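Working notes for the structure below.
In the UniProt record's numbering, the protein residues as written are 1 to 343.
Printed below as a string of structure tokens:
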């Protein structure tokens, strides 16, 4: 064998040995936080727990936390430092719960950049944000490139909402999409052989034409989710539901349009929102920090990534794709979404 092949064999052998050693000598903590690492795993990768990172020094008894919601809102499992997705749903929920337990936090700046996502996942976030609001912790939202549909759903209850003139927001509504192959099957001579206990058991089936009863069931389901969306916006923005429905026909707005119809409060970037919060709440001397996953950076390397996969700490690409499909639905099993571009 040539030199390159010997090197490749050596690397493969090293990975195999390291994987075996790691599996024998390391374990996960048997606590509620099942993603926490200890032993050699913690030494090589980091603890994989959420840690605070100070951004601006200041009064530690009155602090501002900067949160970021980036990417599609989907129920992905918490991979922490082992995930390549920009949005980690379980981690974000954990951050919101940490805020509820921290009496030193006097303000939240939430930076949002998302087209929305799952109805259930958006509701989970809104529930945690409602608990924070009950504790009278002010929250300002800064919409970046996009805060549409579910992105607006979770933003609506903020004390103040900022967006740039270029921000895409709105898209208030629900979408549930599927593909019907009944006409194609008929042309190809393929028959649907489905046995069911009731006429609506296969509602939304891709292999037969939708009946009027099917359409009524699915439309009612979507309308109910839409009604909850409207209620969230009406309560958060101090508007009547009738007023919200007039502007919530699914259309998108840029930042200036959103300001004109009352969906946001001011035009500005994240730093403008932060400055306004500091002035409005007299937090000019507050410490500012973010939440980050404690890690050594090793997991981001090629070797670290391969080892994490061998140990089962990191999901494969196939597993991540399947998880995302299950969360957002497929053409065969559509789900209602608070999502812009969900067709």
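All C-beta atoms, glycine included, are put in the ideal place defined by N, C-alpha and C.
Keep in mind that this is a model prediction, so the values were computed, not measured.
>> With DSSP as the reference, identify every bridge partner of residue 285, one or two as the case may be.
In response: Its beta-bridge partners do not exist; DSSP assigns none.
>> Quick check on the DSSP output: what are the complete beta strand (DSSP E) runs of length 3 or more inside the UniProt domain "Peptidase S49" (132-282), in order along the chain?
In response: 139-148, 160-163 and 168-170
> Would you report the Cα separation of residue 250 and residue 135, rounded to the nearest angstrom?
Replying inline: 32 Å
>> At the level of alpha carbons, what is the spacing between residue 152 and residue 256?
In response: 15 Å
> Which residues in the same chain as residue 165 place their Cβ atom closer than 8 Å to its Cβ, once the five residues preceding and following it in sequence are excluded?
Replying inline: 254, 255, 256 and 267
>> residue 334 and residue 150 - do their beta-carbons sit closer together than 8 Å?
In response: no
>> Check for me: the beta strand (DSSP E) holding residue 50 runs from which residue to which?
In response: 50-56
> Looking at residue 53 and residue 289, is the spacing between their C-beta atoms short of 8 Å?
Replying inline: yes
> In the structure shown, what three-state DSSP assignment does residue 27 receive?
Replying inline: Caution applies to residue 27, whose pLDDT of 42 falls short of 50 and renders its modelled position unreliable; the value that the coordinates give is listed next. Coil.
> By a C-beta neighbour count over all protein chains shown, 10 Å radius and 16 as the cutoff for buried, is residue 188 buried or exposed?
Replying inline: exposed
> Anyone know if the C-beta pair for residue 229 and residue 339 falls short of 8 Å?
Replying inline: no
> Does DSSP put residue 338 in a helix, a strand or coil?
Replying inline: strand
> Out of curiosity, what's the CA-to-CA distance linking residue 62 and residue 209?
Replying inline: 60 Å
>> So residue 226 and residue 173 are supposed to be a Cβ contact under 8 Å. How far apart are they, rounded?
In response: 6 Å
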